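Here the numbering used here is used: the first residue of the sequence shown is -17, the next is one more, and so on. C-beta: ideal position from N, C-alpha, C; glycine also. Owing to the predicted nature of the structure, the values given are computational and were not obtained by experimental measurement. One structure is given here, and the rest of the page talks about it.
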Amino acid sequence: MNINKRVLSLGAGTQSTDLLLRSLRGEMEHKPDYAIFADVGNEPKGVYKHLEWLINHVDKEYGFQIKVISAGNIYQDAIEFISGNINRADGMPLHIKSDDGSQAILNRQCTGYYKILPIRRFVKKHKQPGRFNKVELWLGISYEESQRMKDPDVKWLIHRYPLVEKKIRRADCIKNFKAHNIPVPYRSSCIICPYHSNDYWYWLYVTEPDSFESAVFLDDMIRDYPGIENAQCYLHRSCRPLKEVIIDLARQKELQKRQLSIFPELIDECDGVCGS
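See below:
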């Protein structure tokens, strides 16, 4: 077996960024030939800002290339599909609530269409021909996420998980950024992802209000999603409108702040053992 190329799948989040920088500093057995960022067109602004810094940094310090590719803008594609301007959208795992009150979630297809397949097409186009020539794709999954590891379903590709192999956890990645005076990257994730937790939605609402409003706009549009009958679709797992959910979340956060301010002496006594 001949490893033709080593390619890093870059999400521009914490783990994949740390993996890239560790490898370029010589902390891994090998270095990737290049990294690929598959742009879905809907990351938080902080992710794009970090990506721009990272592209410039690795080019200047190591002469290394990050290739940015795209299969389209998932946000615009969803709007065009709902508006009837295009015939298909490789769908998000929307939460659905049937008329009888039952709830479910749609199958996730978006990761394959906007992330996995574009990267594979690009890599295969640039690999050397021959069935014995393999491409090693590095994935930024950390040790505590090892259950996410899986083998590829194509014979010319090999998945590698260097952070898992070295038992590097996400917390170790963050420590490594601080040790090298590098700001911890934003979490890489679509703004409109239905898997978001309440904490993430609230963070987005406070940190990037215009990005949050774009999610609210789409959330309002997907109620009568094409092909879904006798049910309504939502971005939030509670199957409630996002603009209503955020009101409750903001009230909860404000109440928590007030409660903490009543007992300020308790804050100073924290021993830091809760793992936060």
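Query                                                                                                                                                                                           : Result
If residue 217 and residue 206 are in contact, beta carbons under 8 Å, what's the gap, nearest whole angstrom?                                                                                  : Their Cβ separation, rounded to whole angstroms, is 14 Å, which puts residue 217 and residue 206 out of contact at 8 Å.
Report the start-end ranges of each beta strand (DSSP E) in the region 16 to 62 that is 3 residues or longer and not cut off at the edges.                                                      : 16 to 20 and 48 to 51
Mind checking residue 111: buried by the 16 CB within 10 Å criterion, or exposed?                                                                                                               : exposed
So residue 180 and residue 231 are supposed to be a Cβ contact under 8 Å. How far apart are they, rounded?                                                                                      : 6 Å
What do you get for residue 97, buried or exposed, if any count of 16 or more other CB atoms within 10 angstroms of its CB means buried?                                                        : buried
Taking just the CA atoms, how far does residue 81 sit from residue 263?                                                                                                                         : In the structure as shown, the chain starts at -17 and stops at 258, and residue 263 therefore has no counterpart that could be examined.
Just to confirm the assignment: which complete alpha helix (DSSP H) runs, minimum length 4, are found wholly within the region 139 to 172?                                                      : 144 to 147 and 152 to 161
In this structure, what does DSSP give as the bridge partners for residue -12?                                                                                                                  : 118
Helix, strand or coil for residue 128 per DSSP?                                                                                                                                                 : helix
Whole angstroms is fine: what's the gap from residue 127's alpha carbon to residue 118's?                                                                                                       : 20 Å
As an exercise, report each continuous beta strand (DSSP E) stretch of at least 3 residues that is fully enclosed by the region 187 to 250, in chain order.                                     : 213 to 216
Identify, in the order they occur along the chain, each residue of the same chain with its Cβ nearer than 8 Å to the Cβ of residue 23, setting aside the five sequence neighbours on each side. : 52, 54, 55, 56, 57 and 58
Taking the C-alpha atoms as reference points, what is the distance between residue 103 and residue 145?                                                                                         : 25 Å
I'd like to check one pair, residue 18 with residue 36: are the Cβ atoms closer than 8 Å?                                                                                                       : no
If we ignore side chains and look at the alpha-carbon of each, how far apart do residue 164 and residue 40 end up?                                                                              : 13 Å
According to DSSP, is residue 87 part of a helix, a strand, or is it coil?                                                                                                                      : strand
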